[in-house]
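Residue 1 is where the sequence shown starts when you use the numbering used here, and the numbers rise one by one after that.
We treat Cβ as the ideally placed atom computed from N, Cα and C, and that holds for glycine.
Model, not experiment: these values are computed from the prediction.
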Amino acid sequence: MAISEAGGARPRPWRAYLVLCAVAFAALIAVALSGQAALPVAAAGAAVIAALAVYLALPRRAGAAEDASSEPVREGANLSAQARDIFEHVDDPLLILDAAGRVIFANRASKSVIGGEAEGKRISGVLRTPEVLEAVERIIAGGEAENIAFTVLVPLRRHYEAYIARTSGPLIVIRVRDLTAMRRAEELRADFVANASHELRTPLAAVTGFIDTLRGHAKDDAQARERFLEIMSIEAGRMRRLIEDLLSLTRIELNEHNPPAGEVDVVAIVHDVAAALESLAEPYGSRVVMAPHEPLRVTGERDELCQVFQNLIHNAIKYGRSGGEVRVRFGRAAPSKREGAGQVFVTVADNGEGIPREAIPRLTERFYRVDVKRSRERGGTGLGLAIVKHILNRHEGRLQIESTPGEGSTFTVFLPAAPTAAPSESHS
Ligand code: ADP
Numbered sequence: 001m002a003i004s005e006a007g008g009a010r011p012r013p014w015r016a017y018l019v020l021c022a023v024a025f026a027a028l029i030a031v032a033l034s035g036q037a038a039l040p041v042a043a044a045g046a047a048v049i050a051a052l053a054v055y056l057a058l059p060r061r062a063g064a065a066e067d068a069s070s071e072p073v074r075e076g077a078n079l080s081a082q083a084r085d086i087f088e089h090v091d092d093p094l095l096i097l098d099a100a101g102r103v104i105f106a107n108r109a110s111k112s113v114i115g116g117e118a119e120g121k122r123i124s125g126v127l128r129t130p131e132v133l134e135a136v137e138r139i140i141a142g143g144e145a146e147n148i149a150f151t152v153l154v155p156l157r158r159h160y161e162a163y164i165a166r167t168s169g170p171l172i173v174i175r176v177r178d179l180t181a182m183r184r185a186e187e188l189r190a191d192f193v194a195n196a197s198h199e200l201r202t203p204l205a206a207v208t209g210f211i212d213t214l215r216g217h218a219k220d221d222a223q224a225r226e227r228f229l230e231i232m233s234i235e236a237g238r239m240r241r242l243i244e245d246l247l248s249l250t251r252i253e254l255n256e257h258n259p260p261a262g263e264v265d266v267v268a269i270v271h272d273v274a275a276a277l278e279s280l281a282e283p284y285g286s287r288v289v290m291a292p293h294e295p296l297r298v299t300g301e302r303d304e305l306c307q308v309f310q311n312l313i314h315n316a317i318k319y320g321r322s323g324g325e326v327r328v329r330f331g332r333a334a335p336s337k338r339e340g341a342g343q344v345f346v347t348v349a350d351n352g353e354g355i356p357r358e359a360i361p362r363l364t365e366r367f368y369r370v371d372v373k374r375s376r377e378r379g380g381t382g383l384g385l386a387i388v389k390h391i392l393n394r395h396e397g398r399l400q401i402e403s404t405p406g407e408g409s410t411f412t413v414f415l416p417a418a419p420t421a422a423p424s425e426s427h428s
């Protein structure tokens, strides 16, 4: 249902006709009574009738809601310059309508919902959302304030909620809240729970299946029992890693807005991590080669930075070439004015099969994997790079991913240098 156009601004020539008719009528009476003696009486009568007609024809100022609503809206009618200025500073879209549903004020933020140049137009002419227009009609008709949820599809799908109420003015206020980001977060959370449950369900189903088999026909088969127990142990390990990664991610996310306070040497951290990963590199026949470097101090939290390099070096081992090398390099990036002490970088490069170009922007999404089967076979959870991203966000750092399919991948971590650190080598 659209807002009715009744009561719009119309010219009023009928008032001029009324005045003319009254004057002509008075003149006729004067002529009809044109005896010499009756002339003053006739003239007085004509004057009284003409005055009465003019009075009736003039627009009435007070208590004439109907007439007022058909006046063209003047800019800022019924809204002081101060009120307009205040409303311009409100971040949410805000519209003020007159009693007939015409926009008398639309703040800057409202342009995203109704476009520009809305003032002076009927709300039905600038907003094509039936739910909101119907609510405005109900409120014009004296209804209570309402909250209306609506979606705008063009140019991009966005979700809004409008609060519509009548002021004592009587003006109508429409305040709109953009719920798109909140809805998106809800959707992401729901997807995340669904994905996490799915990831846990697979190994759990395997373990449950093997328990049934061991209780049933494989009960007395010692060889099968060993094999199944081995698989159950792998699946249980996968569930444990997944739960650990999920807990890490939640902890890091909760802490993300708390900048780290400590100061650590990132070269020492990477050396410790590489040493701890040696046993994991062995089955792949690969090794981690570190370029020597003087200490590089960054503002950061040791445990979290250990996790960043553990995930990156472990990935380079898992997805690198068997028998290949994982090369780690350190350095400083030249500081910009904004960066103060500049940036420190650590590069982890492998000579594996690389990553398709279109997959690179998605690698840090939770549970995103280029090859799910391969990731699972190598004990991946699909959360490693998401954890890296969140830790780096907290450290005001960033991750750069470069890859040439068939040749290998390079993951570079940039971290803000600690204020005391001095520059020596630069990153090209
Ligand atoms: P996963 O636990 O699966 O390793 P990650 O979040 O650490 O999860 O990585 C996401 C995906 O990115 C991996 O499944 C893999 O497809 C790809 N990937 C990560 N590191 C590399 C690498 N060094 N070489 C090739 N692919 C990689």
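Taking 8 Å as the cut-off, the beta carbon of G352 is found closer than this to the beta carbon of R321.
At a cut-off of 7 Å, the beta-carbon of V266 does not count as near the ligand ADP: no heavy atom of the ligand is closer than that. Straight-line spacing of the CA atoms in V154 and E186 works out to 22 Å. Assigned with DSSP and collapsed to three states, P155 falls in coil, not helix or strand. With a minimum length of 3 residues, the unbroken runs of beta strand (DSSP E) contained wholly in the segment 86-111 fall at 94-97, 103-106.
Exclusion of N147 from the 7 Å shell around the ligand ADP follows from its C-beta lying no nearer than that to any non-hydrogen atom of the ligand. As the crow flies, the alpha-carbon of R225 is around 14 Å from that of T208. DSSP places R374 in the helix class (H, G or I) of the three-state scheme. Taking non-hydrogen atoms of the ligand ADP into account, the C-beta of T202 is found less than 7 Å away from none of them. Straight through space, the alpha carbons of Y284 and R374 are spaced by roughly 14 Å. DSSP places D272 in the uninterrupted alpha helix (DSSP H) bounded by 266-281. The beta-bridge partner set that DSSP reports for P416 consists of Q343. Sequence-distant partners of A218 (beyond 5 residues in either direction) whose C-beta falls short of 7 Å from its own C-beta, in its chain, are A224, R225, F228.
Going by DSSP, S286 is part of no alpha helix (DSSP H) at all; its letter is neither H nor E. Excluding its 5 nearest sequence neighbours in each direction, Q307 has no C-beta neighbour in its own chain below 6 Å.
The ligand ADP never approaches Y284 closely enough for any of its heavy atoms to be under 7 Å from the residue's Cβ.
For S403, the enclosing beta strand (DSSP E) stretches over residues 398-404. Looking from the CA of F367, the closest CA among E325, D85, D245 belongs to D245. Between the ligand ADP and the CB of N311, the shortest heavy atom gap is smaller than 7 Å.
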